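Q: Each residue of the sequence shown is one higher than the last, beginning at 1 in UniProt numbering. Think of the CB as a built atom: it goes at the ideal place given N, C-alpha and C, for glycine as much as any other residue. Computed from a prediction, not measured in an experiment: that's the story for all the values here.
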Amino acid sequence: MLIHHSLTDSPRAASSPASSIHGLKYLHSAGILHRDIKPGNLLVNSNCVLKICDFGLARVEELDESRHMTQEVVTQYYRAPEILMGSRHYSNAIDIWSVGCIFAELLGRRILFQAQSPIQQLDLITDLLGTPSLEAMRTACEGAKAHILRGPHKQPSLPVLYTLSSQATHEAVHLLCRMLVFDPSKRISAKDALAHPYLDEGRLRYHTCMCKCCFSTSTGRVYTSDFEPITNPKFDDTFEKNLSSVRQVKEIIHQFILEQQKGNRVPLCINPQSAAFKSFIRLLRINPTEAFQFT
Ligand SMILES: [Zn+2]
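1. What runs of the alpha helix (DSSP H), each 4 residues or longer, lie entirely inside the stretch 69 to 154?
2. Go ahead and pull the three-state DSSP assignment for V249.
3. Taking the beta carbon of A291 as the centre, do at least 16 other beta carbons fall within 10 Å, making it buried, or is it exposed?
4. With a Cβ-Cβ cutoff of 8 Å, do L129 and P156 count as a contact?
5. Rounded to whole angstroms, what is the Cα-Cα separation between H22 and V246?
6. So if I measure from each beta-carbon to every heavy atom of ligand 3 and keep distances below 6 Å, which residues remain?
7. Can the beta-carbon of F103 be found less than 8 Å from the beta-carbon of L176?
8. Distance check for L63 and V222, CA to CA, integer angstroms please.
9. Ignore the nearest five residues each way along the sequence and tell me which others in F235's own chain have a CB closer than 7 Å to its CB.
10. Using 8 Å for Cβ pairs, my map puts K154 next to T126. What's the rounded Cβ distance?
11. Identify which residue in E171, T163, P132 and T169 has its Cα closest to the Cα of P152.
12. Using the C-alpha atoms, what's the distance from G108 back to V74?
13. Might you give, ordered along the chain, the residues of its own chain that have their beta carbon closer than 7 Å to the beta carbon of S16, omitting 5 neighbours on each side?
14. Report buried or exposed for residue 323, applying the criterion of at least 16 other Cβ atoms within 10 angstroms of its Cβ.
15. Can you name the residues that DSSP bridges to residue 319?
16. Which residues in the same chain as N92 place their Cβ atom closer than 7 Å to its Cβ, once the five residues preceding and following it in sequence are excluded?
17. DSSP three-state call for R59: helix, strand or coil?
18. Please state if the CB of I96 and the CB of L24 are separated by a distance shorter than 8 Å.
19. According to DSSP, simplified to helix, strand and coil, what is T163?
20. Expressed to the nearest angstrom, what Euclidean distance is found between the alpha-carbon atoms of D54 and K38?
21. Please go through the same chain and pick out, in chain order, the residues whose beta-carbon is closer than 6 Å to the beta-carbon of A115, but skip the five residues on each side of it.
22. Ordered along the chain, which non-local residues of its own chain (more than five positions away) have a Cβ less than 6 Å from that of A172?
23. Just reading off the beta strand (DSSP E) that L50 is part of, what are its end residues?
24. In chain order, what residues of the same chain have a beta carbon less than 6 Å from the beta carbon of L180, not counting five sequence neighbours either side?
25. With C-beta atoms as the reference, is P118 less than 8 Å away from L149?
Written out as structure tokens, the structure reads:
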């Protein structure tokens with residue numbers, strides 16, 4: 001039985017930047033943008049296994065830059081500057097921004113950019129990163145660009161990140177600065193973040209004694225060829241076209257869970273005694289025994 005805590009409630013948060021970027025690498029390789037990465041959507045269990053949940057705002061990536069995407073995404077504190085500036089098209093870099101904010105929050109034990117409104121949110125970001133260049137604002141709407149240019153020219157104040165905590169080492173701050181980049185095209189990808197020295201060391205420690213993918217022999221440890229597997233081909237949502245009833249959706253989810261449990265993965269478990277589950281059931285006003293019947 002696994003009891004899940006949301007990330008900010010959990011004392012076991014230390015490994016979470018690595019785990020969440022690990023999860024994002026997989027999602028992004030599948031061509032999926034989560035679009036609501038926040039502490040409440042990262043669940044950590046007693047074994048420090050982290051799961052990304054709530055895909056209510058997720059979508060497949062849009063490669064055609066002329067196609068408009070909704071800006072009504074991501075909880076404000078974790079919203080990337082390109083969305084705050086009204087870009088009509090954005091990439092999976094928005095999820096990396098959110099993880100960067102969470103990483104800083106775990107170090108400092110407080111929300112990094114805690115603003116009352118989207119405009120103030122943008123102002124807090126530019127207080128830290130400085131006034132963005134015109135190039136970095138190339139996809140912004142005119143109103144947002146005018147707001148930035150009207151204001152005073154700000155110098156970046158990134159060294160303040162060292163004051164977040166005693167754990168804000170040079171490598172931690174360096175990685176943070178690569179995630180919290182105003183221009184999404186220059187922001188680090190999930191794949192490159194995992195190879196960053198700050199995460200690489202922990203990754204090696206994990207694969208030296210805790211993983212299931214590598215093994216020891218008399219001559220030494222044999223490591224897997226890929227520490228963070230990706231998916232191939234990309235996620236295909238065409239199967240949804242054949243779903244026309246709740247019953248069919250339940251069946252397909254049940255099938256999915258059974259298939260996951262055949263592999264090496266940590267099974268998806270819900271603790272029906274947990275307060276979160278009980279309040280969820282109360283919210284739905286359904287009988288708990290009916291909630292997870294799939295047959
Ligand atoms: Zn391994």
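A: In short, the structure shows the following:
1. The stretch 69 to 154 contains these whole alpha helix (DSSP H) runs: 81 to 84, 93 to 108, 118 to 129 and 142 to 150.
2. Position 249 of the sequence shown, counted from the first residue, corresponds to residue 249. Reduced to three states, the DSSP call for V249 is helix.
3. For the purposes of this step, residue 291 is taken as the residue at position 291 of the sequence shown. Only weak support exists for where A291 lies, its pLDDT of 48 falling under 50; the value from the coordinates is given anyway. Exposed, because fewer than 16 other Cβ atoms sit within 10 Å of the Cβ of A291.
4. Start at 1 with the first residue of the sequence shown, and residue 129 comes out as number 129. Start at 1 with the first residue of the sequence shown, and residue 156 comes out as number 156. The Cβ atoms of L129 and P156 sit closer than 8 Å to each other.
5. As a working mapping, residue 22 is identified with position 22 in the sequence shown. As a working mapping, residue 246 is identified with position 246 in the sequence shown. Across the structure, H22 and V246 are spaced so that their CA atoms are roughly 32 Å apart.
6. Among the ligands in the structure shown, ligand 3 does not appear; only ligand 1 can be found there.
7. Here residue 103 corresponds to residue number 103 of the sequence shown, with the count starting at 1. Here residue 176 corresponds to residue number 176 of the sequence shown, with the count starting at 1. Annotated as proximal: F103 and L176, with beta-carbon spacing under 8 Å.
8. Start at 1 with the first residue of the sequence shown, and residue 222 comes out as number 222. Start at 1 with the first residue of the sequence shown, and residue 63 comes out as number 63. Rounded to whole angstroms, the gap between the alpha carbons of V222 and L63 is 38 Å.
9. To locate residue 235, count along the sequence shown from 1; it is residue 235. Only A30, G31, I32 and V60 meet the Cβ criterion.
10. As a position in the sequence shown, residue 154 is number 154, starting the count at 1. As a position in the sequence shown, residue 126 is number 126, starting the count at 1. At roughly 5 Å, the Cβ-Cβ gap stays under 8 Å, so K154 and T126 are in contact.
11. Taking the sequence shown and counting its residues from 1, one reaches residue 152 at position 152. When only C-alpha atoms are compared, the closest one is P132.
12. Sequence index remark: in the sequence shown, residue 74 carries index 74 (1-based). Sequence index remark: in the sequence shown, residue 108 carries index 108 (1-based). One Cα belongs to V74, the other to G108, and the distance between them is close to 21 Å.
13. Mapped onto the sequence shown, residue 16 falls at position 16. Within the same chain, and ignoring the five residues on either side of S16 in sequence, the residues whose Cβ sits closer than 7 Å to its Cβ are L7, L42, V44, L50 and L106.
14. The question about residue 323 has no answer here: the residues shown for the chain are numbered 1 through 295.
15. Residue coverage of the chain in this structure runs from 1 to 295, which leaves residue 319 outside it and unanswerable.
16. Locating residue 92 in the sequence shown gives position 92, where the first residue counts as 1. Only residues of its own chain outside the window of five on either side were considered, and among them H28, L33 and E61 have a CB closer than 7 Å to the CB of N92, listed in chain order.
17. Position 59 of the sequence shown, counted from the first residue, corresponds to residue 59. Residue state, collapsed to three classes: strand.
18. On the sequence shown, residue 24 is found 24 positions in, with the first residue counted as 1. On the sequence shown, residue 96 is found 96 positions in, with the first residue counted as 1. Contact: yes.
19. Position 163 of the sequence shown holds residue 163. Looking at T163 - three-state DSSP - the assignment turns out to be helix.
20. Locating residue 54 in the sequence shown gives position 54, where the first residue counts as 1. Locating residue 38 in the sequence shown gives position 38, where the first residue counts as 1. The straight-line gap from Cα to Cα measures roughly 10 Å.
21. Within the sequence shown, the letter at position 115 stands for residue 115. Counting only Cβ-Cβ distances below 6 Å, and skipping sequence neighbours, we find Q121 and L124.
22. Here residue 172 refers to the residue found at position 172 when the sequence shown is read from its first residue. These residues qualify, in order along the chain: Y198.
23. The count along the sequence shown starts at 1 and reaches residue 50 at position 50. Per DSSP, the unbroken beta strand (DSSP E) holding L50 starts and ends at L50 to I52.
24. Here residue 180 refers to the residue found at position 180 when the sequence shown is read from its first residue. Only residues of its own chain outside the window of five on either side were considered, and among them G100 have a CB closer than 6 Å to the CB of L180, listed in chain order.
25. Here residue 118 refers to the residue found at position 118 when the sequence shown is read from its first residue. Here residue 149 refers to the residue found at position 149 when the sequence shown is read from its first residue. No, the Cβ-Cβ distance between P118 and L149 is not below 8 Å.
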